[in-house]
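Heads up, the sequence shown is in my numbering, so the first residue is 562 and it goes up one at a time.
For every residue, glycine included, the Cβ atom is placed at its ideal position computed from N, Cα and C.
None of these values were measured; they are calculated from a predicted model.
Before any comments, here is the structure.
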Amino acid sequence: MTSTVLADLPFMDAFPTPGEAQWRAAVDKVLKGADFEKKLVGRTTDGIRIEPLYEAATEQGARPLRAEAGRWRVAARVDHPDTTEASRLALAELEGGADSLSLAFAGAPAARGFGLTATSVEAFDAALDGVMLDLVRTRLDPAPGGRKQALLLADLAEKRGHAPSSLQIDFGMEPIGVLASSGALAVPLPELGERIAETIAALKARGFAGPFLAADGRVWHEAGATEAQELGAVLATAVTYMRLLEAERLPLAEARDAISFTLVADADEFITVAKLRAARLLWDRVQRACGLDPKPVFIHAETAWRSLTRRDPWVNLLRGTIAAFSAGVGGADSIGVQPFTAALGLPDGFARRIARNTQLILLEEANLGRVADPAAGAGGFEALTQALCEQGWRKFQDLEAESADGLTGIVGALANGHIQKGLARERDARAKAIATRREPITGTSEFPNLSEASVSVLAPPPPMPGNDATGAAITVEALPSIRLAEPFEALRASADIAQAAGERPKAFLATLGPIAGFTARSGFARNLFEAGGIAAPSGDGFAKAGATDLDALIVAFRASGAKLACLCGSDESYAAEAAPAAQALTAAGATVWLAGRPGELEAALRQAGVTNFISAGCDAIAVLQDALAIAISPVSTNKG
């Protein structure tokens, strides 16, 4: 074809755009009869479909997402109990690029047993020594006694001579969140409304602009909430605060302006972006239902506590980066990144610096804060956003319909156990997915590292105090705060205790046949055992002249010092050699397992001495508990 002809040919005629039907036909050819839904369609924990392909969105367009124009705020937590250290760490955060401080007092769920201990203006002044309150945004993490802490912060601002109207302070009072996490509320709801209204009036009279109340999604997320459940709970909390303030004759517009949101940014990029976008649309709908002209709510996002791990904590850096990226793209006004060692104790300056720099790179090098709504027009994001709006609204309506003992809405749903039951179902479902590794945790349940280097923290986590409901006007079942990795971490802790008392528990990998035949299953078995802290020694195989040298295998087993042996090989080697290998290992004192599904060989293998079969989809937690019980049994049954 000559250049003249090419020049005359329209571009789209030369490269026609394929339609969905053509794409589907190509996909079906690759699937070769496999189920399209099972192979390519995913679902979120709320049951929302994740399609493999979306068309460009046509109905929605870019919308300004943040309550404040421009880039988001880089938030850092101040939570050291010692006032001198708290001040030093806070200044390091600000000098390193943070422009917002989250003040976590002792007793705040976010403080994890640590937190500021200042109870006077003088002590609070020392804890924030050198911090220029007029140059940073300050927020109080919700905690019991939030009203007193709000007034304490106001007193400090005035003591330093700041004009209250010039300060950016989120006072963070969240009594409903405190009720959910602690199980107790000191006063009845009408009196609570009076106290909140009085506190807001007093602060506004002194010139503070707020917001004063926080609808905090973290308490629900840490108890196992799905994205829609978190959205519904945050909306229901905010609406309850509006009702309480309206009952105290505060205009609805002022009640609305008194509230901020806190949402969790998790390591699922698409669903986190959609959740933050959906939160704003849902809040607009609530405002319109109240007869108000919508105003954007200030949203603080924090990376997920429940996704943090104690094992191979360096992987938390990846989770935090994805979560911070997603929160920024989703339109958060400020973001707090959990230091990667937070699950191990009070983070040191290095971990805090890495958390801070995660955001600074996204802002300064990736320029994410320069785009109002990066996800606008993307069919996948718009579809997820709309689906979460629908699901979140249904969860909100569900909570609004609840009541118990004269309590309605979200407080009534806590009082009658409705929320607790719903969250328990989600926790159980996710725990099963974690245990079977359908939802893998990198560095913990998948690709564990038994030789990981230790990391430093300023202090190990203290014992968490129990909840005291003495004299409370309202009591409910307190919500738990979980991390998804905890079951595997408990297994690793048991293995570490055994190692400290002698040596690490072991499971000998008894490989059958050539390397090419056993590599896949030996790799699977090693990964599984090491997820429970069990070392899995093996050699390069015991094949000799095409068959397994059972004498060499038994010598290696005895030399390993293991009490558990796991056969690993191909289906062909299992058919030919698994039974005699199991008999030989059993005679040598081993408890024998086999990696893979036995199929028609199961009866013969069990008769030969195989007591358990491990395969993809098994309950890894139960399997590893059994393996540890065998591996650390006090009396060896090995026969010399």
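- Message: In whole angstroms, give me the CA-to-CA distance for GLN1186 and SER1015.
- Response: Annotation: GLN1186 to SER1015 spans about 25 Å, alpha carbon to alpha carbon.
- Task: Under 8 Å Cβ to Cβ from SER1006, same chain only, skipping five residues before and after it: list those, please.
- Result: The residues are ILE995, ARG998, ALA1046, PHE1049, ALA1092, ALA1181.
- Message: Check this for me: beta carbons of ALA839 and PHE769, under 8 Å apart or not?
- Response: Contact: no.
- Straight-line gap, GLY1102 to LEU923 (C-alpha atoms, nearest Å): It is roughly 48 Å from the alpha-carbon of GLY1102 to the alpha-carbon of LEU923.
- Task: Would you check if there are 3 or more beta carbon pairs closer than 8 Å linking the segment 1061-1076 to the segment 1132-1140?
- Result: Touching, per the Cβ criterion.
- Query: For LYS856, which of GLY771, THR1031, SER742, ALA814 has the nearest alpha-carbon?
  - Reply: Selected option, being the one with the closest Cα: ALA814.
- GLY941, DSSP secondary structure in three states: The answer is helix: DSSP assigns GLY941 an H, G or I state.
- Task: Tell me whether ALA1149 sits in a helix, a strand or coil according to DSSP, three-state version.
- Result: In this structure, ALA1149 counts as coil in the three-state DSSP scheme.
- Item | Neighbour-count burial assignment, GLU1163, 16 or more Cβ in a 10 Å radius | When all chains shown are included, GLU1163 counts as exposed.
- Task: Please state if the CB of VAL1184 and the CB of VAL1171 are separated by a distance shorter than 8 Å.
- Result: It is not a contact, given that the beta carbons lie outside the stated cut-off.
- Scan the segment 592-635 and note each continuous beta strand (DSSP E) run of 3 residues or more that stays entirely inside, going in chain order. List check, beta strand (DSSP E) in window: nothing returned.
- Task: Kindly indicate which residue of GLU788, THR787, GLY733, GLY785 has the alpha-carbon position closest to the one of LEU764.
- Result: Comparing Cα-Cα distances from LEU764 to each of GLU788, THR787, GLY733, GLY785, the minimum goes to GLY733.
- Query: For PRO1009 versus ARG817, is the C-beta spacing smaller than 8 Å?
  - Reply: ARG817 is positioned such that its CB atom lies no closer than 8 Å to that of PRO1009.
- Message: Taking the straight line between their C-alpha atoms, what separation do you get for ALA1059 and ALA1149?
- Response: Each residue's alpha carbon lies about 23 Å from the other.
- From GLY953 to ALA944, what distance separates their C-alpha atoms? Inter-residue distance for GLY953 and ALA944 is about 14 Å (C-alpha atoms, whole angstroms).
- Item | Unbroken alpha helix (DSSP H) run spanning LEU1202, endpoints | No statement about residue 1202 is possible, as the shown extent of the chain runs from 562 to 1201 and does not include it.
- Task: Could you say if the segment 820-828 and the segment 682-691 meet the contact criterion of at least three C-beta pairs nearer than 8 Å?
- Result: As far as the Cβ criterion goes, the segment 820-828 does not touch the segment 682-691, which means the pair count is below three.
- Rounded C-beta distance between TRP633 and GLY891? I'm assuming under 8 Å. With a Cβ gap of about 10 Å, TRP633 and GLY891 do not count as contacting.
- Item | Beta-carbon separation (whole angstroms), GLN899 vs THR864, contact threshold 8 Å | Rounded, the Cβ-Cβ distance is 5 Å, consistent with contact.
- Item | First and last residue of the uninterrupted alpha helix (DSSP H) at ALA1092 | Per DSSP, ALA1092 is one residue of the alpha helix (DSSP H) stretching across 1076-1092.
- Identify which residue in ASP829, GLY722, SER681, HIS641 has its Cα closest to the Cα of ASP909. For the options ASP829, GLY722, SER681, HIS641, the alpha carbon positioned closest to that of ASP909 is the one of HIS641.
- CA-to-CA distance, ASP959 to VAL1018, given in whole angstroms: The alpha-carbon atoms of VAL1018 and ASP959 are separated by roughly 42 Å.
- For the beta strand (DSSP E) containing LEU792, list its first residue and its last residue. Taken as a continuous stretch (DSSP letters only), LEU792 belongs to no beta strand (DSSP E), being part of the alpha helix (DSSP H) at 788-808.
- Message: Within 8 Å, do at least three Cβ pairs link the segment 956-976 to the segment 646-661?
- Response: Contact check between the segment 646-661 and the segment 956-976: fewer than three CB pairs, one atom from each, fall below 8 Å, which does not count as touching.
- Query: Alpha carbon to alpha carbon, how far is ALA1126 from SER1012?
  - Reply: Put simply, the backbone Cα of ALA1126 is about 22 Å away from that of SER1012.
- Task: Kindly identify the DSSP beta-bridge partner or partners of ILE896.
- Result: For ILE896, which the question treats as bridged, DSSP gives the partners VAL635, ALA862.
- Among THR645, VAL639, ALA687, GLU646, the one whose alpha carbon lies nearest that of LEU664: LEU664 has its Cα closest to that of VAL639, out of THR645, VAL639, ALA687, GLU646.
- Message: Can you list, in chain order, the residues of its chain with a C-beta nearer than 7 Å to that of LEU1166? Leave out the 5 residues immediately preceding and following it.
- Response: So the list reads ALA1139, ALA1140, ALA1143, LEU1155, PRO1159, once near-sequence residues are dropped.
- Let me know if PRO1066 comes out buried or exposed under the rule of 16 or more other beta-carbons within 10 Å of its beta-carbon. The residue in question, PRO1066, is buried, as its Cβ has 16 or more Cβ neighbours within 10 Å.
- Message: I need the DSSP call for LEU1073, collapsed to helix, strand or coil.
- Response: The DSSP-derived three-state label of LEU1073 is coil.
- Can you tell me where the beta strand (DSSP E) with VAL682 in it begins and where it stops? Here VAL682 belongs to no beta strand (DSSP E); instead the alpha helix (DSSP H) covers 682-688.
- How far does the beta strand (DSSP E) with ALA775 in it reach, from first residue to last? Counting along the chain, the beta strand (DSSP E) containing ALA775 begins and ends at 774-777.
- Item | Exposure label - TRP781; buried when at least 16 CB within 10 Å | Its Cβ being crowded by 16 or more others within 10 Å, TRP781 is buried.
- Looking only at its own chain, which residues have a Cβ that is under 8 Å from the Cβ of LYS1200, when we skip the five neighbours before and after it? In this prediction, LYS1200 scores a pLDDT of 41, lower than 50, which makes its location untrustworthy; no coordinate-derived value is stated.
- Query: Which same chain residues, not among the five before or five after ALA888, have their C-beta less than 7 Å away from its C-beta?
  - Reply: Answer for ALA888: ALA826, THR833, LEU837, ALA862, ILE896, listed in chain order.
- Task: Check each candidate in PRO613, ALA628, LEU774, LEU728 and name the one with the smallest Cα separation from PRO703.
- Result: Distance check between PRO703 and each of PRO613, ALA628, LEU774, LEU728 places LEU774 closest, using alpha-carbon atoms only.
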